[in-house]
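Numbering (this note's numbering), first residue to last: 29 to 291.
Here a beta-carbon is modelled for each residue, glycine too, at the ideal position from N, C-alpha and C.
Since we're looking at a predicted model, the values are computed, not measured.
Remarks on the structure that follows.
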Ligand code: SF4
């Protein structure tokens, strides 16, 4: 068993956590007071020109073992994992293992462990895919992807976030209009955590240059036209000229799973 795991896994599961979310359940709890929000805004400004390693270093110093990261092993996430292996290899990192991920994605979990010594924990929803599809009379991703993402990603993330203070995200501002305003450091009111985005101001080119320069492994599906990779049934390759996230939930009007939106 890895020594990197959610601090609350050691807690007595019979103890009720009430309706607390994210950092409200931390010991000590963390609340978005005017002082904290001012600190985050000030820090975000200062870190605009910092390296991603320096941003991660600030987050680890500020939040200690209550700083975590969720990864889907995208190119940006792989870069952050490589950086974390140098800056703070004991950071607890997890993957939202919906049961619908590509084999190529899951294979990266072991590569990360071998190369960087970070044992990414795969967190599964309560119901297996078979149980879930039986309950709903078939796969929900076809007709109700919002509920499917809610049950198989967001609920799992909410549980993982319980008691943590901050999380790293691998989003970039130039990925989509939804992400264009992302600060380096800000308050994530949806999950009640400080959100740290060390690559927010990086470009796609910078990401791929770093992957090549540092020989960082990446999902081989990127070489087959998949620019953004989520669950298998909800991801397709993109065509020339399309937005890089156009292959996600294509044709449904849905653009985000809800992890990085505030509604
Ligand atoms: S991306 Fe698709 S399969 Fe994965 S959780 Fe969301 S709707 Fe379900």
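Residue i, buried or exposed, once every other Cβ within 10 Å from all chains shown has been counted against 16
i: residue 225; result: buried
i: residue 209; result: exposed
i: residue 240; result: exposed
i: residue 237; result: exposed
i: residue 190; result: buried
i: residue 188; result: buried
i: residue 59; result: exposed
i: residue 150; result: exposed
i: residue 66; result: exposed
i: residue 153; result: buried
i: residue 247; result: buried
i: residue 217; result: exposed
i: residue 173; result: buried
i: residue 99; result: buried
i: residue 79; result: exposed
Alpha carbon of residue i to alpha carbon of residue j, nearest angstrom
i: residue 138; j: residue 147; result: 8 Å
i: residue 124; j: residue 74; result: 31 Å
i: residue 281; j: residue 274; result: 10 Å
i: residue 145; j: residue 164; result: 39 Å
i: residue 195; j: residue 167; result: 30 Å
i: residue 180; j: residue 131; result: 17 Å
i: residue 41; j: residue 270; result: Confidence at residue 41 is low in this model, with a pLDDT of 39, below 50, so its placement is unreliable and the value that follows should be read with caution. Using only the alpha carbons, I get a separation of about 47 Å.
i: residue 259; j: residue 106; result: 17 Å
i: residue 77; j: residue 211; result: 12 Å
i: residue 227; j: residue 155; result: 33 Å
i: residue 272; j: residue 88; result: 31 Å
i: residue 276; j: residue 94; result: 31 Å
i: residue 242; j: residue 234; result: 12 Å
i: residue 185; j: residue 101; result: 16 Å
i: residue 129; j: residue 48; result: 29 Å
i: residue 142; j: residue 245; result: 11 Å
i: residue 278; j: residue 56; result: 42 Å
i: residue 161; j: residue 70; result: 46 Å
i: residue 175; j: residue 283; result: 14 Å
i: residue 232; j: residue 140; result: 21 Å
i: residue 44; j: residue 111; result: Unreliable placement is indicated for residue 44, whose pLDDT of 43 sits below 50; no coordinate value is reported for it.
Residue i vs residue j beta-carbon contact at 8 Å
i: residue 134; j: residue 121; result: no
i: residue 202; j: residue 289; result: no
i: residue 115; j: residue 81; result: yes
i: residue 54; j: residue 192; result: yes
i: residue 169; j: residue 285; result: no
i: residue 222; j: residue 215; result: yes
i: residue 292; j: residue 220; result: Coverage of the chain is limited to positions 29 through 291, which leaves residue 292 absent and any answer about it impossible.
i: residue 252; j: residue 268; result: no
i: residue 113; j: residue 213; result: no
i: residue 104; j: residue 198; result: yes
i: residue 97; j: residue 61; result: no
i: residue 157; j: residue 127; result: yes
Residues that residue i bridges to, as DSSP identifies them
i: residue 196; result: 97, 224
i: residue 216; result: 221
i: residue 263; result: 276
i: residue 122; result: 98, 149
i: residue 129; result: 259
Interface flag, residue i vs chain B, CB-CB below 8 Å
i: residue 220; result: The structure shown contains no chain B, having only a single protein chain.
**Q.** Quiz: which residues have CB nearer than 6 Å to the ligand SF4 non-hydrogen atoms
**A.** 126, 128, 169, 173, 176, 177, 180, 181, 258, 259, 261, 262, 285
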